[in-house]
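Undergrad:
2 protein chains.
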Amino acid sequence: VTCDVASDAQLALLLELAATPKPGNVDRERDHPDLRFEQFLAGAVGARAGLDAAAAGAPVGIAFETAVDGMAARAQDNTQFGALLLLTPLVSAAAIAGEVTRTAAVDVLEATTVDDAAQFYRAFEHTDVRVADPPADFTDLDVRRGADAIPALRSRGLTLSEVVVASAPADGVAREWATDFERTFDAADALRKGTAPLPARISETFLRLLADAPDALVAARHGRDVAERVSERAAELVDADRATVDAWADDLVEAGINPGTTADIVAAALFVALSRGLCR
Amino acid sequence: VTCDVASDAQLALLLELAATPKPGNVDRERDHPDLRFEQFLAGAVGARAGLDAAAAGAPVGIAFETAVDGMAARAQDNTQFGALLLLTPLVSAAAIAGEVTRTAAVDVLEATTVDDAAQFYRAFEHTDVRVADPPADFTDLDVRRGADAIPALRSRGLTLSEVVVASAPADGVAREWATDFERTFDAADALRKGTAPLPARISETFLRLLADAPDALVAARHGRDVAERVSERAAELVDADRATVDAWADDLVEAGINPGTTADIVAAALFVALSRGLCR
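Read top to bottom, the protein sequences are chains A and G.
Position in the first sequence counted from 1, then plus 1, gives you the working numbering.
Position in the second sequence counted from 1, then plus 1, gives you the working numbering.
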């Protein structure tokens, strides 16, 4: 049995979900009032068809839109949109290049087309995604317009990579596309190096990423100041005992502060780590 | 997006896993010292290729052996062998008949062949499975012999259904094959009828099944008396408050008493419930 790339990606979603504590996010010990653990399980199952498509060589846009469609149908909410926007090109890269490298991932991004971008806009029709306002020269391409933005997209002739990278200033997932997955691969190295049990390494990696940079989803929902304070507190707790981190995790859930972008990067990093040998 | 049968089966494994409390079993709140939550996540991912094969019309024996092989490779242990022995023919039935009914499931069992039985014996090569001693006239077909039993199997010309049903007196999964999945479909009805959140319905269904009949895995490991006492206690706790059931769940994990057969039936029942409309 080989650990095929689509199932590496699916397992990455599930391992990221279960690891605890992941302050502010749904984890094995915490639900949000309106977003429950089992919805993320369902989302990971529903996304599988899109991940299979990416592994089989489908264009990134089609694979992503299929994954989001399946996720939303199963989870009945947006559980893993950002994670799938990272995983889909990484799965494509693994399938095309035979292994996941930053170079292979960049090749996939550079090969995206206007058609891929159109599928990306269609993906926003399947579920509500919280995003920042678009850059001033992108109001006609606001992703919240969904498929209605496709004529403007086609007339401007932008590829998926160009559309995503334009959001990088305000969107931590887009920033990974713009930086050749820098934080994703750094986090993957951290995940592979530790000696603690994997769930503990995942939790620690989450906290270090959160300490490292304000979470974009928190900034979009609660403002830049809140996002920066959350990261400062994460930095203080990187070496704290488990009970202290657990207490903070409860506080963040209580306050509805959900560093979802950081979780997305952890899921992508887990995929890279798994496909580089964690599972074999 | 349709909720295809293979992903219904995979989600059934994951929802069964996460529901808590499920006294004695790994659940969202409990690990066994040597069997952890994330191993079950990995097992559900690894089993997917076999479930896909069943959904695509592969013979039950090949689909089951593929599922067990993938499960064991990912989980590095036996996490869901019994559940897969129930799910594989049910997925086949759903794929062939277009819906999961007891009649369709019986048709699948009756169509199994000697080749299917040979694959079943090969599946035991992939992982350690705790089973009861075989009936007196089955010592040459003891599943613990793995593929070494295949020549005896071929000379006796037994089908997979005949081999499994022969174990029914001591094996609760085999008994489902022998009784046309009676408890599986009853439990599926219970899962669909409740009004509580799904995880709570799963937990309650588990407790009622355990109260209803001694768990075969507990009997194989700890003796019939222990299995009967566990079921008597489950019957007392069916209407107990959550804290009381939680405390008993902790006690059983502490004592290493793991009603795994009951969990297998819950997973199969979840698949039937999902494929009959829970997810759509």
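Backbone N, C-alpha and C define an ideal beta-carbon position, used for all residues, glycine too.
Predicted model only: the values in this text are computed from it and were never measured.
Give me, in chain order, the residues of the same chain whose beta-carbon lies closer than 6 Å to that of A/A274; leave out the 5 immediate sequence neighbours on both sides.
TA: So the qualifying residues of the chain are A189, L192 and R193.
Undergrad: Quick one, are the C-beta atoms of A/A84 and A/Y122 less than 8 Å apart?
TA: Result no, Cβ atoms of A/A84 and A/Y122 do not sit closer than 8 Å.
Undergrad: To the nearest angstrom, how far is it from the Cα of G/A150 to the Cα of G/E126?
TA: Their Cα atoms are separated by approximately 11 Å.
Undergrad: Would DSSP call G/H223 helix, strand or coil?
TA: Helix at G/H223.
Undergrad: Helix, strand or coil, according to DSSP, for G/R277 in the structure here?
TA: The answer is helix: DSSP assigns G/R277 an H, G or I state.
Undergrad: What's the gap between the Cα of A/A54 and the Cα of A/A106?
TA: Cα to Cα, A/A54 sits roughly 17 Å from A/A106.
Undergrad: Which residue marks the beginning of the alpha helix (DSSP H) containing G/S156, and which one marks its end?
TA: I151 to R157 is the span of the alpha helix (DSSP H), which, as asked, contains G/S156.
Undergrad: Can you list the residues of chain A that G/E39 reaches, using a CB-CB cut of under 7 Å?
TA: L16, A19, L199 and P200, listed in chain order.
Undergrad: Would you grab the beta carbon distance between G/A220 and G/G25 for me? Rounded to a whole angstrom, and I think it's under 8 Å.
TA: The Cβ separation is near 13 Å, so there is no contact.
Undergrad: What residues in its chain sit with their C-beta under 6 Å from that of A/D235, if we drop five residues either side in the sequence?
TA: Before going further, note that residue 235 of chain A is Ala rather than Asp in the sequence given. So the qualifying residues of the chain are L208, L211 and A212.
Undergrad: Chain G beta carbons: is any one of them nearer than 8 Å to that of A/V132?
TA: So, not an interface residue.
Undergrad: Starting from the Cα of G/E233, find the closest Cα among G/D216, G/D247 and G/R243 and give me that residue.
TA: When each option's Cα is compared against that of G/E233, the closest is G/D216.
Undergrad: Residue range of the alpha helix (DSSP H) that G/D213 falls in?
TA: It spans L199 to D213 - the alpha helix (DSSP H) in which G/D213 sits, taken as one unbroken run.
Undergrad: Run through the DSSP bridge pairs and tell me what A/R103 is partnered with.
TA: DSSP, once it has assigned bridges, lists no residue as partnering A/R103.
Undergrad: Find the residues of chain G that neighbour A/L42, judging by a C-beta separation of less than 8 Å, and give them in chain order.
TA: Within 8 Å Cβ-Cβ: L12, L15, L16 and A19.
Undergrad: I need the straight-line Cα distance from G/P200 to G/E255, nearest angstrom please.
TA: One C-alpha to the other measures close to 23 Å.
Undergrad: Between G/V69 and G/P90, how many whole angstroms is the CB-CB distance? I'm expecting something under 8 Å.
TA: Not confirmed; about 14 Å, so no contact.
Undergrad: With 16 as the cutoff for other CB atoms within 10 Å, does G/E183 come out buried or exposed?
TA: With fewer than 16 other Cβ atoms within 10 Å, it is exposed.
Undergrad: Report the rounded CA-to-CA distance for G/I63 versus A/A244, giving the unit in angstroms.
TA: C-alpha separation (whole angstroms): 47 Å.
Undergrad: Select from the stretch 46 to 63 of chain A all residues with a C-beta closer than 8 Å to any C-beta belonging to chain G, and list them in chain order.
TA: Per Cβ criterion, the list reads V46, G47, R49 and A50.
Undergrad: For my contact list, A/A59 and A/V6 are in at a C-beta cut-off of 8 Å; report their separation, rounded to the angstrom.
TA: Not confirmed; about 13 Å, so no contact.
Undergrad: Measure the Cβ-Cβ separation of A/A10 and A/L52 and say whether it is below 8 Å.
TA: A contact, by the Cβ cut-off of 8 Å.
Undergrad: Give the secondary structure of A/D53 by DSSP, where H, G and I count as helix, E and B as strand, and everything else as coil.
TA: Reduced to three states, the DSSP call for A/D53 is helix.
Undergrad: For G/S1, go through chain A and note every residue whose CB falls closer than 8 Å to its CB, in chain order.
TA: No answer is possible for residue 1 of chain G: the residues shown for chain G start at 2 and end at 281.
Undergrad: For G/R228, which of G/T102, G/G257 and G/L154 has the nearest alpha-carbon?
TA: In the sequence as presented, Arg is not what sits at residue 228 of chain G; that position holds Ala. For the residues G/T102, G/G257 and G/L154, the minimum Cα distance to G/A228 belongs to G/G257.
Undergrad: Would you kindly work out how many angstroms separate the C-alpha atoms of G/A248 and A/V92, rounded to a whole number?
TA: Looking at the two C-alpha atoms, the distance is approximately 43 Å.
Undergrad: Nearest-angstrom Cα distance between G/D134 and G/D143?
TA: Approximately 8 Å between the Cα atoms of the pair.
Undergrad: For A/R176, I'd like the list of residues in its chain whose CB is within less than 6 Å of its CB, leaving aside the five on either flank, ordered along the chain.
TA: Correct list, in chain order: A169.
Undergrad: Between A/A48 and A/L14, which are expected to be in contact by the criterion C-beta below 8 Å, what is the C-beta distance as a whole number of angstroms?
TA: Yes, they are in contact, since the Cβ atoms of A/A48 and A/L14 sit about 7 Å apart, within 8 Å.
Undergrad: Hey, does G/R29 have any beta-carbon neighbour from chain A nearer than 8 Å?
TA: Yes, its Cβ sits closer than 8 Å to a Cβ of chain A.
Undergrad: Quick one: grab the DSSP three-state call for A/R37.
TA: Note: A/R37 maps to coil in three-state DSSP.
Undergrad: Is it buried or exposed, G/E17, if we count other Cβ atoms within 10 angstroms and call 16 or more buried?
TA: So G/E17 ends up on the buried side.
Undergrad: How close, in whole Å, do the beta carbons of G/L154 and G/A268 come, if the pair is a contact with beta carbons under 8 Å?
TA: In fact, because the Cβ distance is near 27 Å, the residues do not count as touching under 8 Å.
Undergrad: A/P260 and A/V231 - do their beta-carbons sit closer together than 8 Å?
TA: Going by C-beta atoms, A/V231 is nearer than 8 Å to A/P260.
Undergrad: Which residue wins for smallest C-alpha separation from G/Q77, given the options G/T67, G/L36, G/A96 and G/T102?
TA: Of G/T67, G/L36, G/A96 and G/T102, the residue nearest in Cα terms is G/L36.
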